[in-house]
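Note sheet for the following structure.
Chains as they are written, first to last, in our numbering: chain C, 18 to 700; chain R, 18 to 700.
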């Protein structure tokens, strides 16, 4: 479950889903203000009280790379997944010193390494601004609706976070438009790497074992939040508890599930199955093939392409899993029944009307725009820089309330950080991505399509990608800084070929954005708001919103599941790794595992599964016991969890966890870090 | 429309479809014994008589590479598509002399070049053996049915073609099991290349323009059939007529459509949409990506990989088009209606019963076997040789009636020819294919699946593919010949690693074949036979069977089609090529086009479209006018024709043709071949 998956989702439809009903056991990614304590108590005989909830909430960390995490010491120490720090290892690697391959242990505080683009955020306040935003929307529709909404959101965010160095305000749309909440975060934009194993220890079994279980992955790592060059004090942290889990014990996962579509209407689901998933799966598969072959060309390519390939393969597995779920009549039948039930319960309610028909109409309109909207943005780091610079130059010159969402006062600091942080760019990789995305644009739009012609002119994807990547200076952070600071004048005067190209596409990108707002996003938001009303009316207020990469809590228990007539055990041990190893990648032992086999306690629980309801974005979430202590970090779901985007199946969906016990064994024996062991053991 | 698409379809379900009803205008791939003359006469005011039909039938040629063709002179001269001879150009190329790139004109008869693995076949007799085969089947089901059927077919074929040097007998299953016909062919196993343009002239626009129109492709070529080292006398040939087509004029396409699924039941269609097409599209896309990147590595790779890439991209476009058709509710709605109509008309007919329910049950059973059946055969030329040798060694030791279909007395000569003909093998390409297919097997079956373990042992796909490809001697035709002639003893004694590997897989492959026969092929054949009875009972006898790569005739007319509110013109001119050219591949002009622009008559019709109902396998088919003369060669369908696998849409489906007029212009001016011009002009 790689965080890169979030960033790969170009042209993704906004999440517009609504909560499911009736709830199935342990289902739900709950907001902290509506934890279903009564239901949990009925099922488990125990539920956390408000103090318990407040404590874990204050220790929960969101990483802007697309992951979750938690503070586990008073000195800003952060527990997350290894795959959530892979980009940091990658960005700090060179041909001579491949940190991703070899792992990293900071012997002293001074050795801890900055992670480019990374930022840690802790929620400090959540306020309901639904009435405020809905008032601004009034009875508007189409693009007018999205404009009014975004303007009001920009104002609320700007007014509530005046200190943009340390705080971040974000108005989150819940229930696809049914509720709006203002989240205020304390942010830490200096995040450093403390400890990570060899990549092979964390990704043993690689893509073949990804989303599978039994599993043997040391997918944990430690970061530290800094401010003014010093570790941040974090008195609100979770207690590290490196014990083995017990079968059946209650567990909580606290983190930021990225996005779900649990109650897409049938027409939204049909669009996914018939249009969106096939194009994603097909084009990503080709990218995967290009990458695999390119990485076989040299050790440098192997190292430089790995992070990208991991991201692509992870995304692919997710999308293939979703496609499979939506191609399973038994699964989709249940979703259709749920819609029919809600329709029946809403019949005759004039205030609700027929939002299903409206959604159907807007999805039909979106179908006509989708391919152009999807392919008008080429892929690549360098193009991404150019695009941000070109859009920002125009947007920053506008009043805050008139800007596109990514460029408002509250959003700009992170946009700027991501643009200006130094990070390596590998021209061959960028060229590969750009060539791929341009050739796919031509394929799906057609040679004679005006957007195809706009993207390519008289050049081929190969020639154009080569010309732009080899000619641009945007790999240099200093050059990006000049253009950023130079604003619109600098962008208009630039003859950097990538900037020139991004300028050429800008008008059409804005036009398509506007068309999609008018035809789809606006009407869908309006329909979703009424679908939300219908759900609350039909099922009462024990509802959870679809995931939005904001803080949620899920409860569940340690438990295996039945597979082809057999029960999958709930845990693996470190010793199992040695039995599974074949010597051939990705089933080769990490060097330290092989070297220290005699010293390693093989009986320690390595990975385990729970019934907690999670999804991508939850990676790195602490897994917490009733006592409020951390017994592991969630790093994956099982293969059945991939349908979880659309619906939770309590029998089959499982969260996969790396145990704190195995991380402790690694810290003590495999990748020794006595400084960290000491820090984690402080009461 | 590349012939290689046929050979790529590993693990394809047998064609089990039935004819559609009611017929839509110009729909139908008719057998010669049931040409719907009355219907055509009603629609066109004219229809061919028996003499006309006999003449064109005798001139029609099937190429075993998966294409169609026709004799166009008395000296065995064959017209087909350039893409049907691409493999021959490729196999005759070297790094110094790239015939595919440069084209080929045989100045004298002596210069004509042998095409490895190629064989030309002309139907001489068709006999109905339905009663005979059905009697052998009796009331058997499951694997017993397929065994009895295959045994009787082997006996009929062996008894009717005793001269296996010059004849080939093939019992063809029509209507998925409703009829059996014995086709007797005169075969010519020495086929030589006479004339072909530069590849770019034939594939201008490449994959982006494939299955599209307007089009500018010189996709025609000439072969010649030889016997005893001399051109074959072919008094029954078509007259070459290099004139432009007239809009609305009647056209006939005579050739061998490969396979259609026009009346799959709804459950068969669901299997395609939900299971088979997604796995094909996803895995082929990755193969495409690997190939594209590998070909960018060197000019040798570029040349050596091209034929494979063309085949993969062509197949992908076909499958993506089919997936799109089956994901279009308007399209599938019509298919569902047709099934409902047949069910209604068959209600109460006890002899028919409920074959739909039986088909549903057998498809469910097939779903459980499909992935193993699909992935148990690794990809690659060298593995393919090993597999054929291992299977043949065991099969040839059995009595004819007990052999698997590909190894009966009647099938063996072609199997042997394909195995022993010298053809280049590029180890890097074979390794790429094998690595890809093994890694996909592991992905889809799962790491812990017994078949996965059988395929890989403790090796990785990369290591295993490298070991087998680098270690085998099967690239040497002499070595293959020794093993072929050595029979079972030689195979069992061989320590060639690829042979050892193929031996290791053999038992499981046979077991799966048997399970699929028992659970799917047998019951589906029985159900299809009763569905055929139902159709004939409901709709009378104007039915055409699904395509089976046997000779068919379709009628239609020269006509464009409406696209996004505009009419696509029915023809292009050679001059249009120069307007469409961008200079960047695949829209760069062929060298000869650029060099001879001043001499070329730009007004000549280049490509045109007709309403004829065709599909892959029809490539190279002569397009014949009312006078029985050849005015072009079919080489493609438009993008809408891809849904034609499941149903024909008269408004949108079109055949794309390269005009005889443009080929004449090429023979005279662009790639001059005065010898050929003279031969074609003989009356």
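Just so you know, even glycine gets a beta-carbon here, dropped at the ideal spot from N, CA and C.
For clarity, every value in this text was computed on a predicted model and none was experimentally measured.
With DSSP collapsed to three states, give me the class of residue i.
i: residue 130 of chain C; result: strand
i: residue 226 of chain R; result: helix
i: residue 168 of chain C; result: helix
i: residue 327 of chain C; result: helix
i: residue 108 of chain R; result: helix
i: residue 641 of chain R; result: strand
i: residue 152 of chain R; result: helix
i: residue 288 of chain C; result: helix
i: residue 569 of chain R; result: strand
Are the beta-carbon atoms belonging to residue i and residue j less than 9 Å from one another?
i: residue 203 of chain R; j: residue 184 of chain R; result: yes
i: residue 563 of chain C; j: residue 279 of chain C; result: yes
i: residue 13 of chain R; j: residue 651 of chain R; result: Any property of residue 13 of chain R remains undetermined from this structure, which presents chain R solely from 18 to 700.
i: residue 115 of chain C; j: residue 320 of chain C; result: yes
i: residue 188 of chain C; j: residue 571 of chain C; result: no
i: residue 81 of chain C; j: residue 138 of chain C; result: yes
i: residue 655 of chain C; j: residue 229 of chain C; result: yes
i: residue 412 of chain R; j: residue 421 of chain R; result: yes
i: residue 692 of chain C; j: residue 125 of chain C; result: yes
i: residue 649 of chain C; j: residue 630 of chain C; result: no
From the beta carbon of residue i, is the nearest beta carbon of chain C less than 9 Å away?
i: residue 571 of chain R; result: no
i: residue 338 of chain R; result: no
i: residue 698 of chain R; result: no
i: residue 601 of chain R; result: yes
i: residue 542 of chain R; result: no
i: residue 519 of chain R; result: no
i: residue 453 of chain R; result: yes
If you follow the alpha helix (DSSP H) that residue i is part of, which residue opens it and which one closes it?
i: residue 381 of chain C; result: 372-392
i: residue 401 of chain R; result: 398-413
i: residue 69 of chain C; result: 67-76
i: residue 13 of chain C; result: Summary: the structure shown does not reach residue 13 of chain C, with chain C confined to residues 18 through 700, and so no result is reported for it.
i: residue 472 of chain R; result: 467-473
Hey, is residue i's beta-carbon within less than 9 Å of any beta-carbon in chain R?
i: residue 332 of chain C; result: no
i: residue 389 of chain C; result: no
i: residue 311 of chain C; result: yes
i: residue 360 of chain C; result: no
i: residue 395 of chain C; result: no
i: residue 1 of chain C; result: Chain C is shown only over 18 to 700; residue 1 of chain C falls outside these bounds and no answer can be derived.
i: residue 225 of chain C; result: yes
i: residue 344 of chain C; result: yes
i: residue 701 of chain C; result: Beyond the ends of chain C as shown, which are 18 and 700, falls residue 701 of chain C; an answer cannot be given.
Looking at the unbroken beta strand (DSSP E) that takes in residue i, where does it start and where does it end?
i: residue 583 of chain R; result: 583-585
i: residue 549 of chain R; result: No beta strand (DSSP E) contains residue 549 of chain R, which is instead part of the alpha helix (DSSP H) from 539-556.
i: residue 481 of chain C; result: Where residue 481 of chain C is concerned, there is no enclosing beta strand (DSSP E), although the alpha helix (DSSP H) it sits in stretches over 478-488.
i: residue 210 of chain C; result: 207-213
Kindly confirm or deny that the stretch 248-262 of chain C and the stretch 607-615 of chain C touch, where touching means at least three C-beta pairs closer than 8 Å.
-> Taking 8 Å as the limit for Cβ pairs, the verdict is that the stretch 607-615 of chain C does not touch the stretch 248-262 of chain C.
Taking contact to mean at least 3 C-beta pairs separated by less than 8 Å, is the stretch 332-351 of chain C in contact with the stretch 360-375 of chain C?
-> Segments in contact, no.
Cβ pair count under 8 Å reaching 3, the stretch 472-479 of chain C against the stretch 366-381 of chain C = Touching, no.
Within the chosen definition, does the stretch 75-92 of chain R reach the stretch 629-638 of chain R through at least 3 CB pairs nearer than 8 Å?
-> Yes, they touch.
Taking three-plus beta-carbon pairs below 8 Å as touching, is the stretch 454-467 of chain R in contact with the stretch 578-589 of chain C?
-> When C-beta atoms of the stretch 454-467 of chain R are compared with those of the stretch 578-589 of chain C, fewer than three pairs fall below 8 Å, so the two segments do not count as touching.
Okay, do the stretch 534-544 of chain R and the stretch 190-203 of chain R touch, 3+ Cβ pairs below 8 Å being the bar?
-> Contact between the stretch 534-544 of chain R and the stretch 190-203 of chain R is present: three or more C-beta pairs spanning the two stretches fall below 8 Å.
Taking 8 Å as the threshold, find out whether the stretch 216-232 of chain R comes into contact with the stretch 151-162 of chain R through three or more Cβ pairs.
-> Verdict: no, contact absent.
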